[in-house]
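Worksheet: the structure to be examined is printed underneath.
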DNA sequence: CCGCCTCGAGTTCT
DNA sequence: CTCGAGGCGG
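Residue numbers (our numbering): 2 to 679.
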């Protein structure tokens, strides 16, 4: 190698580093790249090639050095020059106002400008820069001593290795390392596919990634960071107000959250917490509140600290969406179809406005996959802000006393040995006469989507069942007022009401009856398809396997299930009772999905309507040839949106660009197509 | 045969 | 709402 070649290589390497650092900044910090990924990769490749040829040209701040450092034996402790304090919390508007009043009165001011920032749910880190270069980064640790995680922080591409513009001689900047929600989901999907344990939430996943001793593992994790606080500073100066400091950070090349806002008064700050709360769900990172800081930094010294919390800043916390509680034991329930479903019995805990004491665990595999044990501390959340869900155990809080769950080998209700088919996740009790199943069949028959017998709910159904009065759906029509009054101690009026409901149910259309029978694999959609195709219960009962399979969406397994149902003596007895009670087991004219003004259209109804019930709208659409579905997909033509609609349906409809209408819009839509409106 | 789309079934609390 | 699994198109 000649000296000239070496000099050229060195010059080119320097050039490339500065070009790559610039594009890194455009891409990772500003989120607005100027070149394509391929062009970027080509630049990286060129630099890497030079560095392989001339290893002496590799510098610690080279972009190629973000990945690939050797694993560490352990993290080295780092004493924070300035302790990393925690913030005080407030949980309500009043408390935030009180914090502000106190700050103002200590300052002897009427008002003090503030800065609002989203409070990122991640891990606080402190980074030291010297002469514009990243030299060290540490975790918060206990606030006084943290761990040196520099090698891992280097792998986060939005963290600048070399600063832009004029930086002070040395300073410390603080920020939050977090994992994006999308990255977290993808990571967990990958881990699930490989049978590895899942992370409970993005925060835990980020913590795991940051504390990886092998930076090469860290580098593969979707970490990112926001910066929001100046630590110490030497050989230079920083602006006087916090909002200017944040702007200055951005100029230096740090990633600063765009939601940060200067608030002139406490009223603005309150509005700010409200606004951030509104966009919270749309962000690709978790926040658990807002941080509010006094803007003028000279006032920080005046306000000082109480204990280890600054008086010049506080955290306004939103109600938690997750909670930790004790999983007392795992019980098993038996469903209508005989499926054994394990569920967690929890130490009651408040999550998102409700006290949760139980949560389903779905099946044995799910429990095993999550490694949930009886006695564990577990993280609970409400999916869709409703359904309680066990996210993960907190393995670090185990005592060794925890008990592994085993699916019982006999049905907990009737004692019949249970079955689990190879390759299937569900365990079930094969005894159709199992009281749990029989009782739930009655309940299902009375449910809204079936015969809609209100008042025949869990309690009464169980009482009638144990008294031996209603053992199957057919018995519902044999109950007398005397029995209700004398055996069930119902009031005269309630008994009459119930009997009225039962009487009215006899008019329900065939599809409701078919659904109510509880044939395995026959839900609302399939029941509707059967009613349309055969128009009478008897014809369904007589249908051959191939007749059944000719119906769209019915395949061999569903056909077999229907076929068998109508060849079971117990089931035939039930149907006989229904027939004698005078139920509607045939329908005169059925509109096939291929006829009517709405033929070929698929609609979804979500939320609460005003003028009609949801069922009413569905019936209206169906009666004119439309297909009514429960989930939005590419095939959906129209989504009718009522008040408080299902979030995923709305989101999916938006993603797919499907027409959405309210009630008035629906009327217009129907008129356009020449369909009847009432 | 695989992957996508639906459907079915179980479930919580106010 | 979630998960499992059946149906069916590519």
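Ideal placement from N, C-alpha and C gives every residue a C-beta, glycine not left out.
Using C-beta distances below 7 Å, list every residue in its chain close to residue i, excluding the 5 sequence neighbours before and after it, in chain order.
{"i": "residue 69", "result": "Residue placement at residue 69 cannot be trusted, given a pLDDT of 48 that sits under 50; the coordinates are not used to answer."}
{"i": "residue 193", "result": "199"}
{"i": "residue 273", "result": "117, 262, 264, 291"}
{"i": "residue 455", "result": "502"}
{"i": "residue 470", "result": "476, 480, 484, 488"}
Can you have a look at residue i and say buried or exposed, based on whether 16 or more other CB atoms are within 10 angstroms of its CB?
{"i": "residue 159", "result": "buried"}
{"i": "residue 570", "result": "exposed"}
{"i": "residue 306", "result": "exposed"}
{"i": "residue 42", "result": "exposed"}
{"i": "residue 8", "result": "exposed"}
{"i": "residue 244", "result": "buried"}
{"i": "residue 132", "result": "exposed"}
{"i": "residue 482", "result": "exposed"}
{"i": "residue 442", "result": "buried"}
{"i": "residue 282", "result": "exposed"}
{"i": "residue 233", "result": "exposed"}
{"i": "residue 143", "result": "exposed"}
{"i": "residue 31", "result": "exposed"}
{"i": "residue 672", "result": "exposed"}
{"i": "residue 257", "result": "buried"}
Can you tell which of the options has the C-alpha that lies nearest to the C-alpha of residue i?
{"i": "residue 135", "options": "101, 107, 172", "result": "172"}
{"i": "residue 294", "options": "430, 555, 91", "result": "91"}
{"i": "residue 452", "options": "606, 502, 376", "result": "502"}
{"i": "residue 504", "options": "428, 521, 478", "result": "478"}
{"i": "residue 103", "options": "354, 237, 312", "result": "312"}
{"i": "residue 125", "options": "112, 116, 114, 148", "result": "148"}
{"i": "residue 113", "options": "101, 123, 6", "result": "101"}
{"i": "residue 387", "options": "362, 378, 141, 355", "result": "355"}
{"i": "residue 251", "options": "78, 400, 533, 27", "result": "27"}
{"i": "residue 78", "options": "128, 140, 40, 58", "result": "140"}
{"i": "residue 130", "options": "115, 206, 255", "result": "255"}
{"i": "residue 398", "options": "676, 383, 663, 377", "result": "377"}
{"i": "residue 683", "options": "613, 632, 635", "result": "Summary: the structure shown does not reach residue 683, with the chain confined to residues 2 through 679, and so no result is reported for it."}
{"i": "residue 495", "options": "461, 369, 510", "result": "461"}
{"i": "residue 599", "options": "534, 170, 676, 426", "result": "676"}
{"i": "residue 45", "options": "286, 284, 18, 138", "result": "18"}
{"i": "residue 1", "options": "204, 38, 127", "result": "The displayed coordinates of the chain run from 2 to 679. Any statement about residue 1 would go beyond what the structure contains."}
{"i": "residue 405", "options": "418, 544, 372", "result": "372"}
{"i": "residue 353", "options": "390, 375, 533, 365", "result": "390"}
{"i": "residue 156", "options": "63, 34, 15", "result": "63"}
{"i": "residue 537", "options": "555, 550, 510, 359", "result": "510"}
{"i": "residue 491", "options": "465, 508, 47, 471", "result": "465"}
{"i": "residue 551", "options": "542, 539, 531", "result": "531"}
Report, in whole angstroms, the separation of the C-beta atoms of residue i and residue j, which I expect to be a contact under 8 Å.
{"i": "residue 392", "j": "residue 202", "result": "7 Å"}
{"i": "residue 288", "j": "residue 228", "result": "The Cβ separation is near 15 Å, so there is no contact."}
{"i": "residue 597", "j": "residue 643", "result": "Actually they are not in contact, since the Cβ atoms of residue 597 and residue 643 sit about 23 Å apart, beyond 8 Å."}
{"i": "residue 170", "j": "residue 121", "result": "The pair is not a contact, with the Cβ atoms about 29 Å apart (cut-off 8 Å)."}
{"i": "residue 605", "j": "residue 631", "result": "7 Å"}
{"i": "residue 316", "j": "residue 83", "result": "No, residue 316 and residue 83 are not in contact; Cβ-Cβ is about 19 Å, not under 8 Å."}
{"i": "residue 360", "j": "residue 381", "result": "6 Å"}
Within its chain, find whatever has a CB closer than 8 Å to the CB of residue i; leave out the 5 residues flanking it on each side and keep chain order.
{"i": "residue 513", "result": "450, 451, 452, 453, 528"}
{"i": "residue 715", "result": "Nothing about residue 715 can be reported from this structure: the residues present for the chain run from 2 to 679 only."}
{"i": "residue 445", "result": "337, 451, 517, 519"}
{"i": "residue 80", "result": "145, 146"}
{"i": "residue 575", "result": "473, 474, 475, 518"}
{"i": "residue 137", "result": "79, 128, 129, 149, 151"}
{"i": "residue 341", "result": "333, 334, 335, 408, 409, 412, 413, 419, 427, 428, 429, 430"}
Could you pull out every residue in the same chain whose Cβ sits closer than 6 Å to the Cβ of residue i, ignoring the five residues on either side in sequence?
{"i": "residue 638", "result": "602, 603"}
{"i": "residue 302", "result": "none"}
{"i": "residue 309", "result": "86"}
{"i": "residue 457", "result": "447"}
{"i": "residue 10", "result": "51, 55"}
State whether the region 610-626 contacts the region 651-662, with contact taken as three or more CB pairs (one from each stretch) at a distance under 8 Å.
By the Cβ test, the region 610-626 is not in contact with the region 651-662, since fewer than three Cβ pairs between them sit closer than 8 Å.
For the 8 Å Cβ check, are there 3 or more pairs between the region 328-342 and the region 150-168?
The count of Cβ pairs closer than 8 Å, one atom from the region 328-342 and one from the region 150-168, stays below three, leaving the stretches out of contact.
Quick test of the definition: if touching needs 3 or more C-beta pairs under 8 Å, does the region 343-353 touch the region 318-329?
Touching, yes, given that three or more Cβ pairs across the two stretches are closer than 8 Å.
Touching or not, the region 571-579 and the region 656-676, by the rule of three or more beta carbon pairs under 8 Å?
The answer is no - the region 656-676 does not touch the region 571-579, with fewer than three Cβ pairs under 8 Å.
With contact counted as at least three CB pairs below 8 Å, one residue from each stretch, are the region 431-438 and the region 400-415 in contact?
Segments in contact, yes.
Answer yes if the region 176-188 comes into contact with the region 218-238, meaning at least three C-beta pairs across the two stretches below 8 Å, and no otherwise.
Yes: at least three Cβ pairs fall under 8 Å.
Examine the Cβ distances between the region 548-563 and the region 480-492 and report whether three or more of them are shorter than 8 Å.
Segments in contact, no.
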